[in-house]
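Read through the structure below, which is laid out as structure tokens, and then see the notes.
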Amino acid sequence: MNFRFHPEADKEFDESVRYYEDCRAGLGLEFAEEIYATITRIAEYPQAWSPMSKNTRRCLAYRFPYGVIFQIKSGMLRIIAVANLQRRPGYWKDRI
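For the sequence shown, the positions run -8 to 87 when the numbering used here is used.
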């Protein structure tokens, strides 16, 4: 299944990679790999994850405190947010 990031999700993903890389060399790459592994799990089992609204779901990353908020539309996986779980909940809803 193909996927694409909402522009704001792409931005927060990049910012998070930079943040973790600044914390420790190589950690940003590990974060990116974890998020892509999460997206792979979503693509394999799109209906398996926690519903956030009628058409929106969230899959949690294993190692980092992040969730990938997504929708499936016309066979395309649309990443709405790469959400830090310690950030205010629902900040991403205006992206839908």
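Ideal Cβ placement from N, Cα and C applies to all residues, glycine included.
(request) Within 10 angstroms of the Cβ of residue 41, are there 16 or more other Cβ atoms? Answer buried if so, exposed if not. (result) exposed
(message) Quick check: the Cα distance between residue 111 and residue 83, rounded to an integer number of angstroms?
(response) What is shown of the chain runs -8 to 87, which leaves residue 111 out entirely.
(message) Taking only three categories from DSSP, how would you classify residue 56?
(response) Per DSSP, reduced to three states, the secondary structure at residue 56 is coil, with no helix or strand assignment.
(request) Using three-state DSSP, classify residue 18 as helix, strand or coil. (result) helix
(request) Please classify residue 74: does DSSP put it in a helix, a strand, or coil? (result) Residue state, collapsed to three classes: strand.
(request) Please state whether DSSP places residue 79 in a helix, a strand or coil. (result) coil
(message) With a threshold of 9 Å between beta carbons, is residue 18 in contact with chain D?
(response) Note that chain D does not occur in the displayed structure, where there is just one protein chain.
(message) Out of 75, 67, 65, 64, which one is the CA nearest neighbour of residue 53?
(response) 75
(request) Out of 5, 4, 57, state which residue places its alpha-carbon closest to the alpha-carbon of residue 139. (result) Residue 139 falls outside the range modelled here, since the chain spans only -8 to 87, and no answer is possible.
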